[in-house]
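If you're matching positions, the sequence shown starts at 14 in this note's numbering and goes up one per residue.
The C-beta atom is built at its ideal place from N, Cα and C for all residues, glycine as well.
What follows is one structure encoded as structure tokens, with my remarks underneath.
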Amino acid sequence: MIDLVLILILVLGWLLYTTFATKFDFVESLGLAHLFGLGATAFSEFLLTISGIGINYSSLLVALIMGIIALAILQTIQWKKGQSCLQNLKWQNFEIGSINIIWLAGFGVLLFTLYAITAKSMFWITFATDSVTSFDLYAKAIASEGNLLNSLIHNRAVGYGVAYPPLYSMLLAIPYIYGAETSKIIPALFFIGMIVSFYGLLKKITNPTSAMLFTLFMAITPEMLAQSAINITNGAQAAFSSIGVISLMLWLRNGQKEYFWMSALLLALNGFTRSEGIVYILPAIFVVLVWRYKDQDWKSIGSYAFITLIPFVIWQVFMRINHELMDPFSQIDLHITPNLDGEKLSEIYQLMKFNLSQRTYYGITVILFGFTLVANLWFIIKKKDSWSLLFITISA
């Protein structure tokens, strides 16, 4: 049954992509089907929880089928109006890019990496402390009791991770609901979705060979390899935030409205995965504000801000409403006014200096970023098409 449910999730995501897309792209659709499908399913689970219906074998299956039917009806309406991206398909819609020996070599290594991480996700036990004590444990309780405020919360028998927005734990609950012994198919789906989406979007900005190589470099980054298979929220947030920002850059570059909406949805899901995802959302909203202010396009500015912020705000409201139960699990307290305590700022600065001055992966990454920035400075200033990306990167 779990196989059928996962197929329904991917179909839901694929239909969601084709509903927004104005021009169908096969590779892009495969990757975003994973991310949109997982995100939409998690939000459906949250609605089932707060509505009192609960998450169970039947309710989740019905929710997925109803979502697919609703999107299929919407697709039919678009088709009749001649607005469907699935009309008048040509072979160009299924291009994966021009193939050469370098592309093939990169693809081969990338394919092996995907296989290795998927195998590690699927067949190694969950061992990360945060997952064992929080995310995966919480998912088992959600699967068993069908709601977020379950016995683990009431008995304080789970880790601090339950204070995170619930997207990841609710997704981990799905395999358990349908009889699987492990939840680790979920991080594998996120990793596959991110890699395929990254390449699909990147080949629209640069040539396919460069897109393949940089997708490979991203995939084999030590931190990416490590975090993608240990069943915590990092991989999911990396997928939503990075693809969301790239989608925003594509909208700024070519004006295709589909990427505007895709960016908004993905960054919204990023904020429903980890609360600190707000560091990507706010700079992105500012970029949209600056970009559309000259045209007084308040509709686009307002809709982007609303969509990206609403899941984050909903979870903060949920935490406040249930503060007596949830406060013991909160590790941070959000304040609107900045903390200007000199001693605390000094502590943060020293910690940052310690990390950035290391000659390990973290320190070297910052140095390489600096060299890359200097090497591309002329193009950044001349073409003026990378300021928004640079602003979001530095702000986050």
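When DSSP labels each residue in this structure, what does residue 271 get in the three-state scheme? It is helical.
Helix, strand or coil for residue 489? Go by DSSP, reduced to three states. Any property of residue 489 remains undetermined from this structure, which presents the chain solely from 14 to 409.
Could you spell out the range, first to last residue, of the alpha helix (DSSP H) harbouring residue 235? It spans 235-240 - the alpha helix (DSSP H) in which residue 235 sits, taken as one unbroken run.
In chain order, each alpha helix (DSSP H) run of at least 4 residues that lies wholly inside the segment 18-95: With a minimum length of 4 residues, the continuous alpha helix (DSSP H) runs that stay inside the segment 18-95 are 39-63, 70-93.
Excluding the 5 residues flanking residue 21 on each side, which residues of the same chain have their C-beta closer than 6 Å to its C-beta? Same-chain partners within the cutoff: 77.
In terms of residues, what are the limits of the alpha helix (DSSP H) holding residue 214? That run of the alpha helix (DSSP H) goes 198-215.
Coarse secondary structure for residue 289, derived from DSSP in three states: DSSP places residue 289 in helix when its eight states are reduced to three.
Under 6 Å Cβ to Cβ from residue 282, same chain only, skipping five residues before and after it: list those, please. Here the set comprises 52, 253.
I'd like to know if the segment 170-187 and the segment 282-291 are in contact, where contact means that at least 3 CB-CB pairs between them fall below 8 Å. Below 8 Å, enough C-beta pairs join the segment 170-187 and the segment 282-291 to call them touching: three or more.
Nearest-angstrom Cβ-Cβ length linking residue 152 and residue 186, presumed shorter than 8 Å: Contact holds; Cβ gap of about 4 Å.
Which of helix, strand or coil DSSP assigns to residue 191: Three-state result, residue 191: coil.
Using CA atoms only, rank isn't needed, just tell me which of 302, 174, 249 is closest to residue 50. Residue 249 is the option with its Cα nearest to residue 50.
Whose C-beta lies closer than 7 Å to the C-beta of residue 46 among residues of the same chain, with five residues either side of it excluded? Residues of the same chain with a CB within less than 7 Å of the CB of residue 46, apart from the 5 flanking positions on each side, are 23, 26, 27, 30 in chain order.
Taking the alpha helix (DSSP H) that residue 221 belongs to, which residues open and close that run? In the DSSP annotation of this structure, the continuous segment of the alpha helix (DSSP H) that includes residue 221 starts and ends at 221-232.
Between the Cα of residue 154 and those of 134, 142, 136, 189, spot the shortest distance and give me the residue it belongs to. Checked all of 134, 142, 136, 189; the closest Cα to residue 154 is 189.
Buried or exposed for residue 71, please, with buried defined as at least 16 other CB atoms from any protein chain shown within 10 angstroms of its CB. Answer is exposed; the Cβ neighbour count stays below 16.
If the criterion is Cβ atoms closer than 8 Å, does the pair residue 205 and residue 126 meet it? Cβ atoms of residue 205 and residue 126: not closer than 8 Å.
Pair within 8 Å by beta-carbon distance, residue 144 and residue 15: No, Cβ-Cβ distance for residue 144 and residue 15 is not below 8 Å.
Leaving out five residues before and five after residue 370 in sequence, what residues of the same chain have Cβ atoms less than 8 Å from its Cβ? Here residue 370 has 376 as same chain residues with Cβ atoms under 8 Å from its own Cβ, once five neighbours each way along the sequence are excluded.
Kindly list the residues whose CB is nearer than 7 Å to the CB of residue 97, restricted to its own chain and excluding five residues on each side of it in sequence; keep chain order. Correct list, in chain order: 88, 91.
Which first and last residues belong to the alpha helix (DSSP H) in which residue 152 is found? Residue range 149-158 is occupied by the alpha helix (DSSP H) that includes residue 152.
Figure out for me which residue from 147, 19, 117, 160 has the closest Cα to the Cα of residue 65. Among 147, 19, 117, 160, the Cα nearest to that of residue 65 is on 160.
Check residue 172 in the structure and name its three-state DSSP category. Three-state result, residue 172: coil.
If residue 32 sits next to residue 99, beta carbons under 8 Å apart, how far is it from one beta carbon to the other, in whole angstroms? Not a contact, Cβ separation roughly 10 Å.
Between the segment 158-172 and the segment 261-271, do at least 3 Cβ pairs fall closer than 8 Å? With the cut-off at 8 Å, the segment 158-172 and the segment 261-271 do not touch.
Cα-Cα separation between residue 386 and residue 380, rounded to whole angstroms: Going by the C-alpha atoms only, they are around 10 Å apart.
Taking its Cβ as the centre, do 16 or more other Cβ atoms sit within 10 Å of residue 82, making it buried, or is it exposed? By the 10 Å Cβ count, residue 82 comes out exposed.
From 44, 339, 220, 259, pick the residue whose C-alpha is nearest to that of residue 170; which is it? The shortest C-alpha separation from residue 170 is found at 339.
Per DSSP, what kind of secondary structure is residue 276 in: helix, strand or coil? Helix.
Selection from 115, 308, 183, 233 that minimises the alpha carbon distance to residue 73: Closest option to residue 73, judged by alpha-carbon separation, among 115, 308, 183, 233: 183.
Give the straight-line distance between the Cα atoms of residue 17 and residue 207, rounded to the nearest whole angstrom. Near 22 Å, if we compare the C-alpha coordinates of residue 207 and residue 17.
8 Å CB neighbourhood of residue 335 in its chain, flanking five on each side removed: Cβ within range, chain order: 162.
Out of 312, 120, 343, point me to the one whose CA is closest to residue 232's CA. The candidate whose alpha carbon is nearest that of residue 232 is 120.
Own chain partners of residue 298 with C-beta closer than 7 Å, once the 5 adjacent residues on each side are dropped: Listed in chain order, the non-local C-beta contacts of residue 298 below 7 Å within the same chain comprise 317, 318, 321, local neighbours out to five positions each way being set aside.
Can you tell which of 390, 86, 258 has the C-alpha that lies nearest to the C-alpha of residue 290? The residue with the shortest Cα to Cα distance from residue 290 is 258.
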